[in-house]
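There are 2 protein chains.
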Amino acid sequence: MESATQALLQADLLLAEQVITDHEAILQHARKTEEQALTVLALQAPVAGDLRAVVSALKNIADVERMAALALHVAKITRRRHPQKVLPEEVNGYFTEMGRIAVDMGSNVKQVVLSMDTHRAEQLADDDDDMDNLHRHLFSVLMDREWKHGVAPAVDVTLLGRYYERFADHAVEIGRRVIFSATGESAV
Amino acid sequence: MESATQALLQADLLLAEQVITDHEAILQHARKTEEQALTVLALQAPVAGDLRAVVSALKNIADVERMAALALHVAKITRRRHPQKVLPEEVNGYFTEMGRIAVDMGSNVKQVVLSMDTHRAEQLADDDDDMDNLHRHLFSVLMDREWKHGVAPAVDVTLLGRYYERFADHAVEIGRRVIFSATGESAV
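Residue numbers (our numbering), protein chains in the order written: chain A, 1 to 188; chain B, 1001 to 1188.
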């Protein structure tokens, strides 16, 4: 998502292509990780907390895959509009900031999963609130009578806004599972 | 999705509210089904094909939950714009048809899961092609210089189009898993 955001903001075709190429490697790694989880289930037949941990891992993989797909979508819009920039100057700041939050959340959620740090997992919800606020403001810019870039860029901005917002949602979901695994509180 | 589409097309607030209320029941049912899958894993420690079937079921639950969330989004946009209709007359036909395909796919995917009918599962991909074509046409209507409804309805139509397209994608995912379970071909 870091590269995809940079590609988006700078209309950098090479970087967008790189994101698109790298996506395949993420999928392969997800498949491999999933096979490892299945092997644990088959060979060790875990129960109780251990079973839930493996099932959580399977769900986390699905969320990470979606996060990767959303970064892929950002890169593909960038490629589709190249050499034009996708974004009207006016909303660059929103995407710079949404990109920064998304990358932070991606990095934090990795640490949360590795460390089972529930405090840090709770902070993901705060970051998501920031993302949602930006997303709402972005929509009010779009809906404003002063918007003078026409419908086509508005459609792109709408989709891109949704991709960043969903990226953050998936990070929150993973964080929630870690909190549940650690404390037994709230749903997986 | 059937009710959500009807609510959308007719600006039917009561029906939209019903979809929003019913969503909670779907989530509860999903949680219950997931607990059943976990119980099977814990008590029966299945291996090989049986293990993959249970893990597939867990993934299917996640897809069905997303399908329900997408119908919820359709209902929420309908409620937000009430008593106005969300859709300009011009695109009603697209959403009537996308709704019909989505409902068909939802109904077919249920039969596919219950019957393990791989032929019917393959047809889901054809329906998804129809959905994607409609989605593309919808975008060309939005992008057309003749679009005279302004940016705000364009933003709603963009999001709604994405919801229907994603709904179909999830049905296809479930179908793919059934094909994989039955034949061992392609990824879970």
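Where a beta carbon is used, it is the ideal one built from N, C-alpha and C, also for glycine.
The structure presented is a predicted model; accordingly, all values stated were derived computationally and were not measured.
Could you give the first and the last residue of the continuous alpha helix (DSSP H) run that contains residue 1166/B? Run containing residue 1166/B: 1151-1183, per the alpha helix (DSSP H) assignment.
Give me the chain A residues within the contact set of residue 1180/B, using Cβ-Cβ distance strictly less than 8 Å, ordered along the chain. Here the premise fails: no neighbours, minimum Cβ distance about 12 Å.
Answer with buried or exposed for residue 47/A, where buried requires no fewer than 16 other C-beta atoms within 10 angstroms of its C-beta. When all chains shown are included, residue 47/A counts as exposed.
Would you please verify whether the beta carbon of residue 1152/B is less than 8 Å from any beta carbon of chain A? Output row for residue 1152/B: interface = yes.
Is it buried or exposed, residue 1185/B, if we count other Cβ atoms within 10 angstroms and call 16 or more buried? Residue 1185/B is classed as exposed because its beta carbon has fewer than 16 other beta carbons within 10 Å across all chains shown.
Rounded C-alpha distance that separates residue 1187/B from residue 97/A: Reliability fails at residue 1187/B, whose pLDDT of 46 lies under 50, so the model's placement of it is uncertain and the value that follows must be treated cautiously. Whole-angstrom Cα-Cα distance: 36 Å.
Could you tell me whether the Cβ atoms of residue 108/A and residue 120/A are closer together than 8 Å? Yes, these two residues count as a Cβ contact at 8 Å.
Please confirm whether residue 1131/B has its beta-carbon closer than 8 Å to some beta-carbon of chain A. Residue 1131/B has a beta carbon lying at 8 Å or more from every beta carbon in chain A.
For the region 1095-1134 of chain B, list the alpha helix (DSSP H) runs that are entirely contained and at least 4 residues long, ordered along the chain. None, since the region 1095-1134 of chain B contains no complete alpha helix (DSSP H) of that length.
Could you spell out the range, first to last residue, of the alpha helix (DSSP H) harbouring residue 1067/B? It spans 1048-1081 - the alpha helix (DSSP H) in which residue 1067/B sits, taken as one unbroken run.
Between 106/A, 29/A, 35/A and 34/A, which lies nearest to residue 131/A when the distance is taken from Cα to Cα? The alpha carbon of residue 131/A has as its nearest neighbour, out of 106/A, 29/A, 35/A and 34/A, the alpha carbon of 106/A.
At a Cβ threshold of 8 Å, is residue 1176/B touching chain A? No - not a single Cβ of chain A is within 8 Å of the one on residue 1176/B.
Measuring straight from C-alpha to C-alpha, what distance separates residue 115/A and residue 1127/B? So the alpha carbons of these two residues sit roughly 44 Å apart.
Count the other CB atoms within 10 Å of the CB of residue 1099/B; is the residue buried (16 or more) or exposed (fewer)? Label assigned to residue 1099/B: buried.
Please confirm if residue 1095/B has its CB atom under 8 Å from at least one CB of chain A. With 8 Å as the cut-off, residue 1095/B does not count as an interface residue toward chain A.
Local conformation of residue 1001/B per DSSP, three classes: Residue state for residue 1001/B is assigned as coil, using DSSP reduced to three classes.
Cutting at 8 Å between CB atoms, please list the residues of its own chain near residue 1148/B, excluding the five before and the five after it. Cβ neighbours of residue 1148/B within its own chain (closer than 8 Å, five residues either side excluded): none.
Could you pull out every residue in the same chain whose Cβ sits closer than 6 Å to the Cβ of residue 173/A, ignoring the five residues on either side in sequence? Once the five neighbours on either side are set aside, the close Cβ partners of residue 173/A are 63.
Just to confirm, is the Cβ distance from residue 71/A to residue 4/A under 8 Å? Result yes, Cβ atoms of residue 71/A and residue 4/A sit closer than 8 Å.
Following the continuous alpha helix (DSSP H) through residue 31/A, name the residue where it begins and the one where it ends. Note, residue 31/A: alpha helix (DSSP H), 13-44.
Close Cβ partners of residue 1171/B (< 6 Å) along its chain, the five nearest in sequence each way excluded: Cβ neighbours of residue 1171/B beyond the five flanking positions: 1105, 1109 and 1124.
Apply the 10 Å Cβ neighbour rule to residue 60/A and answer buried if 16 or more other Cβ atoms are within range, or exposed otherwise. Label assigned to residue 60/A: buried.
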